[in-house]
Ligand SMILES: Nc1ncnc2c1ncn2[C@@H]1O[C@H](COP(=O)(O)OP(=O)(O)OP(=O)(O)O)[C@@H](O)[C@H]1O
Ligand SMILES: Nc1ncnc2c1ncn2[C@@H]1O[C@H](COP(=O)(O)OP(=O)(O)OP(=O)(O)O)[C@@H](O)[C@H]1O
Ligand SMILES: [Mg+2]
Ligand SMILES: [Mg+2]
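Protein chains in written order, with the working numbering: chain A, 1 to 271; chain B, 1001 to 1395; chain C, 2001 to 2271; chain D, 3001 to 3296; chain E, 4001 to 4385.
This is the structure:
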């Protein structure tokens, strides 16, 4: 059934990053970085701490402005868009440092993801117009589907903020999925999880890609998972791209080993 | 009345008609004061003086065989509380012998005229409150008072046609009403007025006095609070601007004489007031200051004491008249007030309440600070109404 | 075996109605590294909060049991007193002082420490040598550092105080493999210099390699405890926390597939 | 021209007092991120203690008593109220200080009653004449004091561990505690300092050219809000600059009120707030405040 | 979903009983009782209490608005009183008698109300660009500027506002029936302004509260909370942050405007000094005491803050050490009530984090905990420390 889904699915567009440069006072976080995320592929960005991975995500999602270079999703140039405009194009992301509210329930957190897909505004909701009620009901159902898919159903009524770290990561993923994204940006989605949780989450990510046929851009320090999930890997170091290729290729690339993996390869992660 | 709700009022036995706030043995009077807000000092003095009057009267057997009772509400000069307090007391009192805060009196003015028809004696001397047959101000209003003050400056302080005088005044109807007076007088006498509006929170008058000095003012009128007046006097003296300064009745407090600016105040500072000062030798003030000090040993003797006592005792006169007419209804009291065309209750002024459009008197005393007498002021010019008041009319 | 420098006995900790720890007993032998493993929500962070006396900041409290450090009883002490006693924690999720500069963050690390300027200088030099980036960024606002950089800062900040006992809550979280390895070396090194360490780590492989003793928390109780090597050997722990039940990636993938088979597949959203 | 200079001088002399009050706000905000609405009552309390004490111990003694008393009050306030708050929301604490302010002001007003106290201060009502310009000597004392204190705290915040502890505690109480910061001591000390500063401000507020200390003296504290904001809520330097700007604006608006009459009467009161808005439009965190930068 | 069940069950008496026993049944009953009570109050209460109640209702409307802004969207505002003033004076100007010496457009009162509310909203919209740039305390004190500028205008724009003594408020007239002081006998009780306005207040408050609840429970509410808790994330989730902040500012100002109109109608005269900083701070106190971010909280807080002083001044003579003003000795009632008010604010905030709305929940939790603790201490001997 996955396959049929894919056939009916409109082919998502490629994401093209060209000579992307970001400068902050006195330092260049990204330096002429270029790469392309093929439609429906899982593309990993790895690199040492401070290499510029999150900065790259922040540009893609409109949080930072690029100093130079261009980012196109299909025909659409993203570097000039505000972050909500980018979201409307179907770009969803999770955050490296969890960005959840302590007071808001998991259910409402997930529903926030539906914002771009819904329309009812102050007047409609305030007057409880039928249109608003219908919309709400419809999207709540979908939200539950996604929660069930991630195994978050039991927690829907809990405040997201006090859940254990690993679950919070899942909630973030769920919120991103609720945006029905075309491109999914995941910044260290499995950090702070136990191996079994890692496997579970990794499984979720690949299954999402398969069943929805969307593109995924993934930042992760767990090489095991990167190896297992990624079709292509781009390696950054000090804001420059130092390598690109299949997981196998980059894993044995001497530069990558020197800059990132380390000789004694004590990654300690699943592998 | 056919209502399930609370409502004062007694039968009419002994042939005396009564409605609200009067029973067979008590007459309840309302008093809306400020003891926690900006006018707390004034409010305290007025209220205490009126309580004193009530005590004296009741000891002397009351009025119309009835004991007086004062219902006091402190609204802290806050609109919501003031209006509520009025609404609370109105159904159960015969009249209001104190109502501080002219904005709030104005706020209920319509209700008073059209509906409640209750006599109110506001402790504010702004002309904006004139024009109601129920609202009576005791003594002259700020505009006339200011005209009198300027008259004094010209007759006794050598201010002449062509001179410039400064006028530092509070925003609000006190200051603005006084300003109308000074503008009129200036026009009459060919003076130029330099205006400086301030707020009650401004306490350092350096800038204002400086401005007046530069404008070449040869006298300063202060229609503000005691602190501002004191600062003006102090700065002027220290800055070598030796011009006469005269304030309205609210611009002085005896407590100031003890402060650093005391000397400056006793030098060239004058106050125009609508009744004899409490420190005067006359019987009225004399007696009052003695009984008051006896009743409230550690309270200050200021103009508020006279104002409060003056008001309630004048009301007492009206009450007596109403009693003689055997009509203690609100209507009866209102008529009794209006019927008083010349009453002198021993505070140096003859009041005429017959004209709702005019204050009960146009006269002012001019006084001068003097720390040797109780209340801290002595009369330097007896009660008078300037000729310029005659030509004065509000738009 | 050496006397335990930290003894946790029958510890119970609640967040209002939520019971996070029930009768937990853990020992940290003098000069040893003790690892605490456990899934999400097992109570690891709570254990560290209880030791550092910061439960109340989370609306929680230690409701029974005792914690003794050397001779002193820590239960009921203020966090400051506990730090003064030489027990310093690197909290979960970095918690750097975002608005203060990196340099001031490090100075903050000295606040609870004894010793004069000289000692401070030495600590600073050592931290800078461990994490050069902290020297380069001395005057950058800590909040602007990358996730990993912040993790390094948190670690360095704790080291400034030259603690007797170091509590680490997932120090390798979000660190690149090389940096994780460096943290591991650091832990070894300071441990060699006589600092005892209580290490909470999702990266169980790393943790067990470092630790001499270890225990596994499960929903607020100690499931297994003992010698690290033995635990590392036990199948239970290997499967649950090392994720190395099946060494070869193929089987791993199979496992993944297997999972996905029984996981509900997310259908495409058609509005 | 002399008019302008004179107004400038008057403004500076007013502003130096505002600066002192603003500094109190800044200290509290820097160390607890609380906007302290109770500053007015701290100020009045400090003045009251001083004037009451000075009959027996003289001016300087009285001033010391006032400073100590207000500091103690600040500590008590911190211990009895601020410390009891379990939540994290600073605006909520601000509300608490409103309640405290109402309570304290009522008590002080009741104690002071109708009285107007004067400090027997050594400056009296002398004026200082510079060329054609004269300003009260007291204001020079104020300016010097303000500058000195502000310099002092600037150094304290930057170079002492007390300063680091305060900033740490302000930003994240739990983590600060984990660093060994004694939260209670830190915030208590901040409130003590704020109280002491308020007492000093009270002195300059109620000596010549103002009439003296009475129940309303505290109200001026409001004018320190725009001052603190213009300078930047967490900047001691800002307090000085902001205070002076507010003072000068006010003096100018008053002095040139005839020229400004098209804006209506009493512009002096409002002008500082206009300036504040303009400043904030250009610099959302005030002139010297630290900008809030956040990343994800 | 329980509706049809209940409807059918209500036909049989025991079914009715069962329904009333059920939680939602009790709730419904409680609501019913409350509404009936509110509707009959004017027949029994003195004018003083009706007026106090109306002040409270107006406050509640304003507080709901402020809570949308500060509680739910995290934009601190000390300038709420300014927008109240706009509503109040706006109504006076729009409905005012054209041939009085003050400016008046003589519009029908209902239209005037709508326009006044819109006016306040528009002003909020104008200020929102400034608000958009500022955060936290800076925004708070920037809005404080609105108060002072507003006061300045109110005092000076004499033709519009009547200056210091304010201007009188045109009476509300809807479909021929006029809400002024002319007595109308309803069931033997004379209805005057307060009695009539009571129902106007109820309607306004009910509508305002329901609308706000809808907004908060729905899509805009979620977006607002997201902006409060994590601005950047909100943007990334597709929320147009700046626009939303602007709209919320407008909405909250419109609530303030409506509250202002109601206040004006109750006062029957608008005075500028009322719309000062004290009022602004009171509104902040309301939402904090009642509970940030919830409609119920705003209302509870408003009732608490605006009724407390009234009750205290009316009954404070009953308190120990309180004496009639001027009779010497003891506290003046006004003082007593201010002490209590200050203390109440502090204690309410300190000991009820989350506000009055959370009170029932807190109590329930306490009880549960106590029971749990007892159960345990009986099970294992060691007593919780
Ligand atoms: N807003 C900013 N201002 C200044 N410097 C910044 C800012 N954002 C990021 N940086 C710097 O840019 C560099 C790249 O940061 P980034 O967060 O992209 O690293 P990263 O690759 O995500 O590292 P990690 O794997 O640790 O998350 C870091 O050195 C960081 O300090
Ligand atoms: N502030 C809090 N309020 C209520 N419950 C909490 C709070 N913090 C933690 N908990 C609960 O206490 C239990 C233990 O949480 P804790 O954070 O200690 O787990 P953990 O082992 O650190 O998990 P992780 O590995 O994800 O960090 C969890 O069930 C969690 O939901
Ligand atoms: Mg990153
Ligand atoms: Mg944890």
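Where is the CB? At the ideal position from N, CA and C, for every residue including glycine. Bear in mind the structure is a predicted one, so any value in this text is a computation, not a measurement.
At a cut-off of 8 Å, the C-beta of residue 3034 of chain D has no neighbouring C-beta in chain A. In this structure, residue 3015 of chain D keeps its C-beta atom at 8 Å or more from the C-beta atom of residue 3286 of chain D. With respect to residue 3119 of chain D, residue 3206 of chain D sits close: the two C-beta atoms are nearer than 8 Å. Against chain A, the CB of residue 4237 of chain E has a partner CB under 8 Å away; the residue lies at that interface. The beta carbons of residue 1270 of chain B and residue 1380 of chain B sit closer together than 8 Å. Against chain A, a Cβ distance below 8 Å from residue 4232 of chain E picks out 63, 83 and 99.
In this structure residue 1143 of chain B does not touch residue 1088 of chain B by the C-beta definition: roughly 33 Å separates them, more than the 8 Å allowed. Along the length of the region 1025-1079 of chain B, whole alpha helix (DSSP H) runs at least 4 residues long occupy 1040-1059, reported in chain order. Residue pairing of residue 1098 of chain B in beta bridges, as defined by DSSP: B:1031. Restricting attention to beta strand (DSSP E) runs no shorter than 3 residues, the region 2079-2146 of chain C encloses them at 2087-2090, ordered along the chain. Taking 7 Å as the cut-off, one finds no heavy atom of ligand 4 near enough to the beta carbon of residue 3216 of chain D. Each residue's CA atom was taken as its position, placing residue 2054 of chain C and residue 2092 of chain C some 13 Å apart. The beta strand (DSSP E) runs lying completely inside the region 1262-1328 of chain B and spanning 3 residues or more are 1269-1273, given in chain order. Residue 1163 of chain B has a beta carbon lying at 8 Å or more from every beta carbon in chain E. Around the beta carbon of residue 1192 of chain B, a 10 Å sphere encloses fewer than 16 other beta carbons of the protein chains shown; the residue is thus reported as exposed.
At a cut-off of 8 Å, the C-beta of residue 2017 of chain C has a neighbouring C-beta in chain E.
Looking at the backbone, the Cα of residue 164 of chain A and that of residue 2179 of chain C are separated by about 25 Å.
Residue 179 of chain A has a beta carbon lying within less than 8 Å of a beta carbon in chain E. For residue 165 of chain A, the shortest C-beta to heavy atom distance toward ligand 4 is below 7 Å. The Cβ atoms of residue 206 of chain A and residue 229 of chain A sit closer than 8 Å to each other.
For the 8 Å CB-CB criterion, residue 2112 of chain C and residue 2135 of chain C do not form a contact.
In this chain, the beta strand (DSSP E) harbouring residue 33 of chain A covers 27-37. Taking 3 residues as the minimum length, the beta strand (DSSP E) runs contained wholly in the region 1141-1175 of chain B are 1164-1170, in order along the chain. Of the residues B:1024, B:1103, B:1111 and B:1037, the one whose Cα lies closest to the Cα of residue 1069 of chain B is B:1024. Here residue 4073 of chain E is buried, its C-beta having at least 16 other C-beta atoms within 10 Å.
Excluding its 5 nearest sequence neighbours in each direction, residue 3096 of chain D has C-beta neighbours in its own chain below 8 Å: 3081, 3082 and 3085, listed in chain order.
Between ligand 3 and the CB of residue 2172 of chain C, the shortest heavy atom gap is not smaller than 7 Å. For the pair residue 2146 of chain C and residue 50 of chain A, the CB atoms are nearer than the 8 Å cut-off. Within the model, the alpha-carbon separation for residue 1137 of chain B versus residue 4339 of chain E is close to 34 Å. Shown here for residue 4178 of chain E: same chain residues with a beta carbon closer than 6 Å to its own, the five before and five after excluded, namely 4171 in chain order.
When Cβ pairs closer than 8 Å are counted between the two stretches, the region 49-67 of chain A is seen to touch the region 91-101 of chain A, the count reaching three or more. Interface annotation for the region 1111-1128 of chain B against chain E: 1111, 1114, 1115 and 1128, criterion Cβ-Cβ distance under 8 Å. DSSP places residue 4347 of chain E inside the alpha helix (DSSP H), whose first and last residues are 4333-4351. For residue 2090 of chain C against residue 2160 of chain C, the beta-carbon gap comes to about 11 Å, at or over 8 Å, which does not count as contact.
Set against 7 Å, the gap from the CB of residue 67 of chain A to the closest heavy atom of ligand 1 is not smaller.
Taking the CA atoms as reference points, residue 4037 of chain E sits about 34 Å from residue 131 of chain A.
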